[in-house]
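Inspection log for the structure reproduced underneath, given as structure tokens.
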Amino acid sequence: MVKTPKFANEKVFAWVDKWNKVCTPDKIVVVKGTKKEHIAICEMMVKNGQFIKLNPKKRPECYLARSHESDVARVEGRTFICSQREIDAGPTNHWMDPEEMKKLMLASYKGCMKGRTMYVIPFAMGPIGNPITQYGIEITDSPYVVVNMDIMTRTGDAVLKHLGKDGDFIPCIHSVGAPLKKGEKDVAWPCAKNIEDKFITQFPEERQIWSFGSGYGGNALLGKKCFALRIASKIAKDEGWMAEHMLILTLTSPKRKQYHLTAAFPSACGKTNLAMMLPKLKGWRLQTIGDDIAWLKPGTDGRLYAINPENGFFGVAPGTSNDSNPNALKSCRQGTIFTNVVLTPDGDIWWEDMGVKAPAEGTDWKGNPCYVCKDDPFRMGPRPGMTKKEIKESGYVAAHKNSRFTAPAENCPVLDKDGFNGLYKGKPTGVPIDAILFGGRRPSTIPLVNEAKNWTHGVFMGSAAGSEVTAAVISDQIGQVRRDPMAMLPFFGYNVCDYFQHWLEIERTSVDATKLPRIYFVNWFRKGKDGRFLWPGFGDNSRVLKWICQRIEGQVRANVTPIGNLPLLNDIDLSNNEGKFKVIPEDLREILKVDKDGWKKEIVTVGASYDEYDAKASKDSPVRSTTARRVPRALRQVLSEVTIALSK
Ligand code: OXD
Ligand code: MN
């Protein structure tokens, strides 16, 4: 066994020592967090065939990784909340008794790092020293995880220094689950090949994270979903704050008034695009604070203050283009790790809907050759000379649908540096939030924007959110609408009913509830009967954000309807309605209407989801009795009110 390195902090030493004994690595490296170290690890991976170095003239300090085919997205079926009692994990989470889970996983971890290096990554979720920031120690045998964590979090010596002798942190352990025999050559993407051998486990009471068998970002970069959402949501509930799957942005009006907005959309539904959007409306400026996670704390003035706990963007590549998100493309210009995209012959990258012509020939995400499509220069197929129709029918994509870029936030040309550093008016409070948006991909029924009548109604709206399932998760339901309350379905660290109650408590316990953010539900994805999108989205979404700001200021009236307050048609600013994408006024009229029949069906399915969360004991599902906790009465009340109002 190799010797466990010394740490000033005893809890850190104990955590590393414990796993050194279990995993028996060949070597232990404590991550320093320097650029030199980052590049050295990347170059070592190039040598080992695990990274491809991209053309430094085109993409300085950028690398490409190709994952194993089984390891391309989050594995919700293998994600567990192991609270002491099943009822505390609730009906939306997989649960196992914590001791049983530990026994099972310990058997997998035994000797799992043989032939490998154990890396110890001290990391911070949030700017080091900010009062909202939390810390973690991730042990991993994956250099891919180390360099991605370097980008996505603040890592290294500075964190250990901040922890000092007795600073607290969330202990995390990760292994790809692929020990090497003596002399055995490593593969390009080591992982446990069978899905049943992968475990992404949170122990919410102990505040620990154990992950095994997967190298994919959402399963392996433990600061992100496992800590900043699942574990943090539990800490937040216990301490009276919120950990949410939300972007944070700063919007400045032509009169220089600043607004801070957060938005919760499910995975791969455009959070990164909205967070970096170029407003089509003249005089409005948008800046990015975060694109995926927000931690919000009530301030002494009753407002909610937010920080982005992350340090980079783990964005979905396909669809990211100069039209959809030029700032994301710019964020990827250097120091970025690409996973499962196409490699071009000149050492650059390409993906579907990048808005860039495909090269004549390239290498697809599986490492196979791919070729430009015969009748569409923006597509690639697996054989030369294929038509667009042939490629579409074959279902082939050259970049995986969930291929990703891991880009440093500091690359983002519209980063709000102060907000990103947790500062507001020079104080480390995070930024005060004016509005919270919920949303999802909904081809029908849900209007463009809908304002909640009050906080409880807004919580109801969030609880009722639904979206088409995307490739961000390994699922056989891709494209189908599923309920995804507050976009947190895969990320609740505890019982969903308690989570709803916690949202309601934020108002009940507020020192001044009139200062809480207004809540809105938006839908950029409505389609017409012909399958055409009825709203251009992207920069045109600034029209909706402007309406929201005007509502906050009390400058415009609204159409008060049974489902909420909708804009009056003329209040959506259609100036500068030019360019490739345009708002079509008849379409706008359509998406600002209340589709009563659609809503009657919608509300029934919301009620059905509540029934599932109530998880009443029944003959058919006796197990559910142990997860029986109820959706808060206040939300049931809103459900009834909306149902009655719609029936009039
Ligand atoms: C993500 C996700 O990667 O939500 O952000 O899956
Ligand atoms: Mn996400």
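Quick note on this note's numbering: the sequence shown kicks off at 160 and runs consecutively.
C-beta: ideal position from N, C-alpha, C; glycine also.
In this text the structure is predicted, and so the values were computed from the model without any measurement.
Check: THR360 beta carbon less than 8 Å from that of PHE473; Outcome: no
Check: Neighbour-count burial assignment, GLN367, 16 or more Cβ in a 10 Å radius; Outcome: buried
Check: Simplified DSSP state of HIS419, which is helix, strand or coil; Outcome: strand
Check: Span separating the alpha-carbon of LEU675 from that of TYR658; Outcome: 18 Å
Check: Range covered by the beta strand (DSSP E) that runs through CYS529; Outcome: 528-531
Check: ASP593, buried or exposed, once every other Cβ within 10 Å from all chains shown has been counted against 16; Outcome: buried
Check: Contact test: ASP451 Cβ vs the ligand MN heavy atom, cutoff 7 Å; Outcome: yes
Check: Check: SER490 C-beta below 7 Å from any heavy atom of the ligand OXD; Outcome: no
Check: Among ALA804, LYS755 and CYS221, the one whose alpha carbon lies nearest that of GLY506; Outcome: CYS221
Check: Residues near ILE200 by beta carbon distance below 7 Å, same chain, minus five either side; Outcome: PRO302, VAL305 and VAL306
Check: Spatial distance of PHE166 from TYR769 (CA atoms); Outcome: 48 Å
Check: Helix, strand or coil at CYS331 [DSSP, three-state]; Outcome: strand
Check: Proximity of MET436 and ASN700 at Cβ, strictly below 8 Å; Outcome: yes
Check: Classification of ASN727 by the beta-carbon crowding that lies within 10 angstroms, buried from 16 upward; Outcome: With the sequence shown as reference, residue 727 is identified as Leu, and Asn is not the correct amino acid for it. That one is exposed.
Check: Where the alpha helix (DSSP H) through ILE143 begins and ends; Outcome: The question about residue 143 has no answer, for the chain in this structure spans 160 to 807.
Check: Local Cβ density within 10 Å of SER777, reported as buried at 16 or more and exposed below that; Outcome: Note that SER777 scores a pLDDT of 45, beneath 50, so its modelled location is shaky; the value from the coordinates is reported in the next line. The residue in question, SER777, is exposed, as its Cβ has fewer than 16 Cβ neighbours within 10 Å.
Check: Which of helix, strand or coil DSSP assigns to HIS616; Outcome: helix
Check: Exposure label - GLY192; buried when at least 16 CB within 10 Å; Outcome: buried
Check: VAL670 vs GLY461 beta-carbon contact at 8 Å; Outcome: yes
Check: DSSP three-state assignment for ALA566, whether helix, strand or coil; Outcome: strand
Check: Residue range of the alpha helix (DSSP H) that includes ALA557; Outcome: Unbroken run through ALA557: none, as it is neither H nor E.
Check: Backbone CA spacing between HIS197 and ILE637 [nearest angstrom]; Outcome: 36 Å
Check: Cβ distance (whole Å) where LYS759 is taken to contact LEU805 below 8 Å; Outcome: 6 Å
Check: Nearest candidate by alpha-carbon position, reference ILE762, set LEU733, ALA793 and SER799; Outcome: SER799
Check: Neighbourhood of ARG642 by C-beta, 6 Å cutoff - its chain only, sequence neighbours within 5 removed; Outcome: GLY625 and SER768
Check: Beta-ladder partner(s) of THR522, from DSSP; Outcome: LEU502 and PRO528
Check: Simplified DSSP assignment, three categories, for VAL719; Outcome: strand
Check: Beta-carbon gap between GLY336 and PRO468 smaller than 8 Å; Outcome: no
Check: Buried or exposed by the 16-neighbour rule on C-beta atoms within 10 Å, applied to MET160; Outcome: exposed
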